Amino acid sequence: MAIRKLLTVIGAIAIIALVSSSFKLYEKTTDVEQTSQVENSVGVSSDMGHDEESVTGMSGMGGVMKFYEYSGFNNVTAGHLVMILVGLIFIFLAIKYDYEPLLLIPIGIGILIGNIPFMEGVGLKLGIYEEGSVMNYLYYGVTAGIYPPLIFLGIGAMTDFSSLISNPKLMLLGAAAQIGIFLTFLGAIFLGFNPPEAGAIGIIGGADGPTAIFLSSKLANGINLYNGETVLNLIGPIAIAAYSYMALVPVIQPPIMRLLTNKNERVIRMKPPRVVPKLEKIMFPIIGLLLTGFISPSSLPLLGMLFFGNLLKESGRTKRLADTARNPMIDIVTILLGLTVGASTQATVFLKGTSLMIFGLGAASFIIATAGGILFAKFMNVFLKDGEKINPLVGAAGVSAVPDSARVVQHEGLKYDPTNHLLMHAMAPNVSGVIGSAVAAGILLSFLA
Amino acid sequence: MEHLNLILLDSTMDFGITVTLIGYLIVLSALIFLFLVYLTLPKLLDMYTRSRMKKAGKVDAGESTIGHSGEVNAAISMAIFLCMNEKHDIESGKITAKKLSKRYSPWNSKIYTIQGGLNSRF
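Here the protein sequences come in this chain order: W and P. Its first residue numbered 2, the first sequence is counted upward by one per residue in the numbering used here. Its first residue numbered 82, the second sequence is counted upward by one per residue in the numbering used here.
And the structure:
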């Protein structure tokens with residue numbers, strides 16, 4: 002079963018890689034096509050002006066031909082078909098293998114919507130990048146960085162930080178895993194991206210979709226200038242890469258976990274978490290908000306909302322608000338975010354060599370982050386007494402893919418000791434990873450914006 | 082800050098390395114700081130509780146020495162769960178439909194029709 006899943010994923014990646022040649026073909030022909038399309042449309046309108054009679058007396062066949070010119074069949078390119086295929090693979094993975102269906106289905110449908118070919122540049126106001134289109138209005142929530150903080154509000158209202166409060170040393174694993182962000186940032190600069198673009202790419206290693214979208218909308222939005230040059234618009238590729246790798250956590254992480262740990266380490270039993278009093282739970286978001294806010298004010302839109310949501314939950318006085326934040330509100334924002342991010346992968350913008358590089362860097366970032374967490378857990382064990390030691394598998398949850406990473410740790414732990422439940426312990430670095438990646442995003446923003 | 086950035090921008094790679102080192106150190110130190118705060122917080126709360134109990138003249142019972150294994154806890158939880166479930170099933174058996182306190186209303190009373198009260202308008 003696992004092999005079949007792996008084959009499906011490899012197959013999907015192979016398809017994308019194989020058609021990369023068509024990407025290049027597409028890039029070369031895009032300008033020519035767009036010019037000819039505009040010429041066609043101008044030609045049509047000038048014909049209409051010159052010979053009004055022929056228009057009014059347009060034959061049925063002429064009408065059909067004009068309809069055909071505007072239809073998707075006339076405007077389709079290899080790039081559109083590739084992206085539609087990618088969208089269908091996303092939907093397949095979500096339904097068949099249950100890989101993050103709440104994200105992959107909206108994104109998959111968004112990819113289909115964004116890649117239905119139409120005649121661009123003639124004022125139809127259909128595309129997500131055309132001002133005045135409905136999708137463009139919805140996409141404003143992404144480009145202006147509105148959706149990610151709202152998602153964080155919902156996450157805060159549904160997260161129980163008890164395991165982190167009861168064993169705060171696990172917070173360090175969340176910090177260690179953020180090495181993936183910074184090393185990928187360096188790698189991206191080495192590959193020729195400018196620092197703001199590299200920062201947006203690096204955050205994929207934080208394995209946090211909303212944070213990745215937030216940072217890319219601020220740094221690599223196709224609007225900002227860096228050294229007099231406009232930065233690339235990388236929101237679509239970065240969001241797709243981040244969410245793809247989050248969905249593929251069960252495929253990517255276990256081999257790294259097995260590679261970096263031995264059998265004795267995988268069966269280490271950790272001390273059960275203590276009971277956390279209500280007062281501590283209430284104080285956690287308030288102290289967290291104040292400290293992280295003072296350290297990195299740029300991370301406030303994300304962490305402020307995260308801790309606000311958590312206080313709604315823990316205060317015990319705002320159940321209605323907490324329920325709204327963690328249920329209807331986060332669902333609505335997830336739908337809008339997934340759909341628009343998917344639609345932003347319009348072939349004309351998305352299918353470029355840089356997208357493939359981003360996918361490669363994202364994978365590297367994710368692997369480094371996982372390895373960083375595991376190795377730091379092993380490093381901590383050198384200083385910890387027997388009975389206090391940390392199961393290094395838990396370190397893999399330092400990436401902030403909540404709660405998938407923690408679930409993978411639990412699953413792997415049970416393989417080697419069916420009575421050793423690591424889920425509660427793994428949740429601590431997992432939520433600390435959320436805090437760590439948001440702080441990292443804030444730091445990158447303050448350096449590179 | 083801008084001046085600092087300009088100096089650092091001499092070489093993009095140097096700038097990248099600087100951001101990497103400083104950025105990662107800040108993330109690490111921020112979370113270490115949070116770790117230390119959350120490590121100290123329960124101790125402070127415990128001290129505060131003890132001092133309040135001392136003032137009130139109560140004796141601290143100390144930590145519970147009862148060591149329950151996971152299985153015992155699971156059994157207790159299951160018993161509570163079953164008990165609550167059974168409680169839910171106990172119902173009064175009374176019919177819940179209540180008699181209306183208002184016996185007559187203009188909508189069902191014939192008295193208006195007889196006296197022509199409502200129809201007198203038309």
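Beta carbons: idealized from backbone N, C-alpha and C, even for Gly. Predicted, not measured: the structure shown is a model, and the values here were computed from it.
Per-residue DSSP class, three states only, for residue i
| i | result |
| --- | --- |
| W/Leu449 | helix |
| W/Lys314 | helix |
| P/Thr130 | helix |
| W/Asn421 | coil |
| P/Thr93 | helix |
| W/Glu101 | coil |
| W/Leu226 | strand |
| W/Asn116 | coil |
| W/Thr231 | strand |
| P/Thr101 | helix |
| W/Val250 | helix |
| W/Lys279 | helix |
| W/Val268 | coil |
| W/Gln179 | coil |
| W/Gly50 | Note on W/Gly50: pLDDT 46, under 50, position unreliable in the model; no value is reported. |
| W/Lys126 | coil |
| W/Pro298 | helix |
| W/Asp324 | helix |
| W/Asp209 | coil |
| W/Leu352 | coil |
| P/Ala137 | coil |
| W/Asn137 | helix |
| W/Val383 | helix |
| W/Ile166 | helix |
| W/Glu70 | helix |
| W/Val400 | coil |
| W/Thr144 | helix |
| W/Gln347 | coil |
Classification of residue i by the beta-carbon crowding that lies within 10 angstroms, buried from 16 upward
| i | result |
| --- | --- |
| W/Met247 | buried |
| W/Pro329 | exposed |
| W/Thr371 | buried |
| W/Glu198 | buried |
| W/Ala327 | Correcting the residue type first, residue 327 of chain W is Arg in the shown sequence and not Ala. Under this definition W/Arg327 is a buried residue. |
| W/Thr144 | buried |
| P/Tyr105 | buried |
| W/Pro393 | buried |
| W/Arg267 | buried |
| P/Leu125 | exposed |
| W/Thr231 | exposed |
| W/Pro150 | buried |
| W/Leu338 | buried |
| W/Glu101 | buried |
| P/Met165 | exposed |
| W/Ile224 | exposed |
| W/Leu89 | exposed |
Cut-off 6 Å between Cβ atoms - residues of its own chain near residue i, not counting five sequence neighbours on either side
| i | result |
| --- | --- |
| W/Gly434 | Gly175, Ala178, Gly399, Val400 and Ser401 |
| W/Ile436 | none |
| W/Glu40 | Confidence is the limiting factor: at W/Glu40 the pLDDT is only 46, short of 50, which leaves the residue's position unreliable, though a coordinate-based value still follows. Nothing meets the Cβ criterion. |
| W/Ala158 | Gly310, Leu313, Lys314, Ala323, Ala326 and Arg327 |
| W/Thr355 | none |
| P/Glu152 | none |
| W/Gly374 | Leu174, Ala177, Ala178, Gly396, Ala397 and Gly399 |
| W/Lys126 | Gly133 and Ser134 |
| W/Glu53 | Because the pLDDT of W/Glu53 is 49, which lies under 50, any placement of that residue in the model is unreliable, and the number read from its coordinates should be weighed accordingly. Excluding positions up to five away in sequence, the list is empty. |
N- and C-terminal bounds of the alpha helix (DSSP H) containing residue i
| i | result |
| --- | --- |
| W/Asn76 | Gly73 to Asn76 |
| W/Pro149 | Tyr148 to Met159 |
| W/Pro274 | Segment: none, W/Pro274 is in no alpha helix (DSSP H) and carries neither H nor E. |
| W/Gly343 | Ile331 to Ala344 |
| W/Pro196 | Pro196 to Gly203 |
Presumed contact (8 Å Cβ cut-off) between residue i and residue j, rounded CB distance
| i | j | result |
| --- | --- | --- |
| W/Ile112 | W/Val87 | 6 Å |
| W/Leu322 | W/Leu313 | 5 Å |
| W/Met425 | W/Ser164 | 5 Å |
| W/Ile239 | W/Ile205 | 6 Å |
| W/Val1 | W/Asp405 | The question about residue 1 of chain W has no answer, for chain W in this structure spans 2 to 450. |
| W/Ser366 | W/Gly200 | Contact doesn't hold; Cβ gap of about 12 Å is too wide. |
| W/Gly115 | W/Ala344 | 3 Å |
Contacts around residue i, its chain only, beta-carbon distance under 7 Å, and the 5 residues preceding and following it disregarded
| i | result |
| --- | --- |
| W/Arg270 | Asn421 |
| W/Val77 | Pro118 |
| W/Ser300 | Thr293, Ala439, Val440, Ala442 and Gly443 |
| W/Val33 | Because the pLDDT of W/Val33 is 43, which lies under 50, any placement of that residue in the model is unreliable, and the number read from its coordinates should be weighed accordingly. Excluding sequence neighbours, W/Val33 sits near nothing in its chain. |
| W/Phe360 | Ala242 |
Neighbourhood of residue i by C-beta distance below 8 Å, restricted to the same chain and skipping five residues each side
| i | result |
| --- | --- |
| W/Lys279 | Glu315 and Gly317 |
| W/Gly146 | Ile214, Phe215, Ser218, Lys219 and Pro302 |
| W/Glu281 | Ile166 |
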